[in-house]
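What follows is a set of notes on a single structure, which appears directly below.
4 protein chains.
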Amino acid sequence: MTNSFKVLDPDYETKARASFTSQGIMRLLGATMRNVVPGRCIIDLPFNENLTQQDGFFHAGATSTIADSAGGYAALTLMPAGSRILTVEFKINLVAPALGDRLSAQATVVKPGKTLTVSTIDVFAYSGDNRKLCAIMQQTAICIPQSG
Amino acid sequence: MTNSFKVLDPDYETKARASFTSQGIMRLLGATMRNVVPGRCIIDLPFNENLTQQDGFFHAGATSTIADSAGGYAALTLMPAGSRILTVEFKINLVAPALGDRLSAQATVVKPGKTLTVSTIDVFAYSGDNRKLCAIMQQTAICIPQSG
Amino acid sequence: MTNSFKVLDPDYETKARASFTSQGIMRLLGATMRNVVPGRCIIDLPFNENLTQQDGFFHAGATSTIADSAGGYAALTLMPAGSRILTVEFKINLVAPALGDRLSAQATVVKPGKTLTVSTIDVFAYSGDNRKLCAIMQQTAICIPQSG
Amino acid sequence: MTNSFKVLDPDYETKARASFTSQGIMRLLGATMRNVVPGRCIIDLPFNENLTQQDGFFHAGATSTIADSAGGYAALTLMPAGSRILTVEFKINLVAPALGDRLSAQATVVKPGKTLTVSTIDVFAYSGDNRKLCAIMQQTAICIPQSG
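Residue numbers (numbering that gives the first Met the number 0), protein chains in the order written: chain A, 0 to 147; chain B, 0 to 147; chain C, 0 to 147; chain D, 0 to 147.
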């Protein structure tokens, strides 16, 4: 994996946090952006009963939603000022029941690109300080350049 | 694709609708189960501003959440009474911006199995009667048999 | 799915067949391009013992290889003259053992695009005239425009 | 990720190497199993012109084939004696052109399970000692228990 990322927009954090704030679904779910640095982003989601599937775990859709946003913002940190980002596709394996106080989606860019950026996202379920890997995602995002 | 499905539990619809009702996240998003027949399920999601990403489209997570549930319930219709279902993994391509009055996730079982069931899900964005394909998903679900 | 495709290069078949012929791995495996029309392509692979996994079935890699090429050439038929194509990513579910006289990978473009094209590919295992679905794939390909 | 794996079959290496040798496609491609330890496996593939796509790179199918086998054997090392393994599904992102002297697919089990095992596989392209990440895969494999 690439560990030293080239930053094209020094305001990446302001840009990422402003975009996150504008996502209605993050407010609806109660997600927060814990951390955003070049090529990485962490989004947390405290448990509540509105986020469940039929067994009372976090729904795979809730897990996917924060993982997808974490991946997108990790990618956005490396894009030029003024560009927008859209998810092209993602794939998620739910490797353990998402059961705990909160989920934390931790994204890392694997391959930044002018057009396409590929990231991997690990989602952990926390019970107090104890964490368990509950999902892994691979995601492709596309950069939409600023229109002249 | 397999088009004639073998039904093991005649109460499949009651079972699927009861399970759907117990998913907190479906209420939170405002999704409804429009149709459930053997091997198929349709889940609708009217637009509202709480479901958006940064450009005002439905968030990929909202699209994924209803697609994942539609796939799971399509699979559940073919499982024995008393069994539970969990998503193993899914992959989604967002092929067009999810922009419209409502989304509709339409799932079909491709390969039912005693342990694993594979489904594909098409998600359409409706603007009035006009519909546009906005996402396609492949999903694997696992049947957890009733414990003695 | 989109069923009427816009053809930008009338020589799409010549272009696709020439590219196929230049793929060393298709010769090595013994694959043939059966059919290529706008937005669709079929690649066949007769069984031989060099294509097996440990149980004597076609290896998932053989299945994936022809499915990936079929998807790529289905996409290429819709691209402008002079452009090249690369696979961005794909996801395959192996839904039944790939056992038979031959495999046939049948690709359809779901969403053509100037940059990205998404296709689905069904792979059937044939025993005589009898066919069984053994794999389904979703694929994203990227068009590399002709450089000036 | 889980880093300490529980070994159920002390003959895991003999079992994995014998299974690998029985895969016709590995001989056909010229792949070798470099290393297999509990929860990990590395498969190498030297370049030759029979493995190419239309631009002379390794075909995505060659990359996928060794990545799929590496993932399967990493999973097999953790399964009970007498069990067989099949790939359920995988997803691969081709993040850079696969161009070099050889490919090396390096698999790690992320979540072992009695029924399903999930692995991630990184594929590197080597030019001499220089390596470049060219693909990442997430894979699900299923354990078929020894029949009585």
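We treat Cβ as the ideally placed atom computed from N, Cα and C, and that holds for glycine.
Keep in mind the model is a prediction, meaning the values are calculated, not measured.
Is residue i helix, strand or coil by DSSP?
| i | result |
| --- | --- |
| C:A106 | strand |
| B:S126 | strand |
| A:M136 | strand |
| A:N49 | helix |
| A:K14 | helix |
| C:F89 | strand |
| C:L25 | According to the sequence as given, residue 25 of chain C is Met; it is not Leu. Of the three classes helix, strand and coil, the one that applies to C:M25 here is helix, per DSSP. |
| D:S118 | strand |
| A:M0 | With a pLDDT of only 46 at A:M0, under 50, the local geometry of the prediction cannot be trusted, and the value read off the model is given with reservation. Coil, per DSSP. |
| D:L44 | strand |
| C:F19 | helix |
| A:T31 | strand |
So residue i and residue j are in contact, right, with Cβ under 8 Å, and what is the actual spacing, rounded?
| i | j | result |
| --- | --- | --- |
| C:K23 | D:L50 | The sequence given here has Gly at residue 23 of chain C, not Lys. Confirmed, about 6 Å. |
| B:S63 | B:I42 | About 12 Å; that fails the 8 Å criterion. |
| C:I143 | C:L85 | 6 Å |
| B:A73 | B:V108 | 5 Å |
| A:N34 | A:C40 | 7 Å |
By the 10 Å Cβ neighbour count, where 16 or more other Cβ atoms means buried, how is residue i classified, buried or exposed?
| i | result |
| --- | --- |
| D:K113 | exposed |
| D:T20 | exposed |
| A:K14 | buried |
| B:V6 | exposed |
| B:Q145 | exposed |
Please identify the residue among the options whose C-alpha is closest to the C-alpha of residue i.
| i | options | result |
| --- | --- | --- |
| A:P9 | A:G38, A:A80, A:T119 | A:A80 |
| A:T116 | A:V122, A:Y125, A:Q138, A:R83 | A:Q138 |
| A:I141 | A:D128, A:A124, A:F46, A:K110 | A:K110 |
| D:N129 | D:C40, D:S146, D:T119, D:R101 | D:R101 |
| D:D54 | C:A73, C:S18, C:S126 | C:S18 |
| C:F56 | C:A124, C:Y11, C:E12, C:V6 | C:A124 |
| A:K90 | B:S103, B:L75, B:G127, B:A59 | B:A59 |
| A:Q52 | B:L44, B:F4, B:I65 | B:I65 |
| A:E12 | A:K5, A:S3, A:V36, A:M25 | A:V36 |
| B:A61 | B:Q145, B:A134, B:L7 | B:A134 |
| D:G127 | D:S103, D:L75, D:V6 | D:S103 |
| A:G99 | A:F4, A:S3, A:L44 | A:L44 |
| C:S118 | C:G38, C:S82, C:S146, C:R16 | C:G38 |
| C:A106 | C:R83, C:E88, C:M136, C:L132 | C:M136 |
| C:F4 | C:L75, C:I120, C:M25 | C:L75 |
Exercise. Any chance the stretch 91-111 of chain D sits against the stretch 11-29 of chain D, with 3 or more Cβ pairs inside 8 Å?
Worked result: no
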